[in-house]
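Asks: There's a structure below that I have some questions on.
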Amino acid sequence: MNVDHMVKMANEIGAFFASESPPGQAPKDVANHLKRFWDPRMRREIVSDLALSAVGLLATEGSAAAGGSAPQSAPPSADRGKPAG
Numbered sequence: 021m022n023v024d025h026m027v028k029m030a031n032e033i034g035a036f037f038a039s040e041s042p043p044g045q046a047p048k049d050v051a052n053h054l055k056r057f058w059d060p061r062m063r064r065e066i067v068s069d070l071a072l073s074a075v076g077l078l079a080t081e082g083s084a085a086a087g088g089s090a091p092q093s094a095p096p097s098a099d100r101g102k103p104a105g
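Residue 21 is where the sequence shown starts when you use our numbering, and the numbers rise one by one after that.
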């Protein structure tokens, strides 16, 4: 499956849980959804995506620079299918 398409789907799932889950719970709900409904090959592909890994590094660096704690994992929020703005 195309990684760009999976990122788009993950973003759509994230948008759903962002509006339905209590604050702070949405990332866990998205991860649970991906574990339950995505084929293991799909999960391996999206986790190994280079751009997603880069976003995770940015999140970690940004959190460290702000003096906060680093997130456990980066959310699949790098929607490459939509223009910024």
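Note that CB positions come from ideal geometry on N, CA and C, so glycine has one too.
With C-beta atoms as the reference, is Leu-54 less than 7 angstroms away from Arg-63?
Replies: Yes. Within cutoff.
Asks: If you count every other CB in all the chains shown that lies within 10 Å of the CB of Met-26, and 16 or more means buried, which is it?
Replies: That one is buried.
Asks: Going along the chain, which residues of its own chain have a beta-carbon closer than 6 angstroms to the beta-carbon of Phe-37, five neighbours each way excluded?
Replies: For Phe-37, where only same-chain residues beyond five positions count, the Cβ hits under 6 angstroms are Ala-46, Asp-49, Val-50.
Asks: For a quick check, are the C-beta atoms of Asp-69 and Val-23 less than 7 angstroms apart?
Replies: Yes, the Cβ-Cβ distance between Asp-69 and Val-23 is below 7 angstroms.
Asks: Which whole-angstrom value describes the C-beta separation of Ala-30 and Ile-66, a residue pair presumed to lie in contact below a C-beta threshold of 8 angstroms?
Replies: 7 angstroms between Cβ atoms; contact.
Asks: Going by C-alpha to C-alpha distance, which of Ala-79, Ile-33, Thr-80 sits closest to Phe-57?
Replies: Closest by alpha carbon: Ile-33.
Asks: By the three-class DSSP mapping on this structure, what secondary structure does Asp-49 have?
Replies: In the structure shown, Asp-49 sits in a helix (DSSP, three-state: H, G or I).
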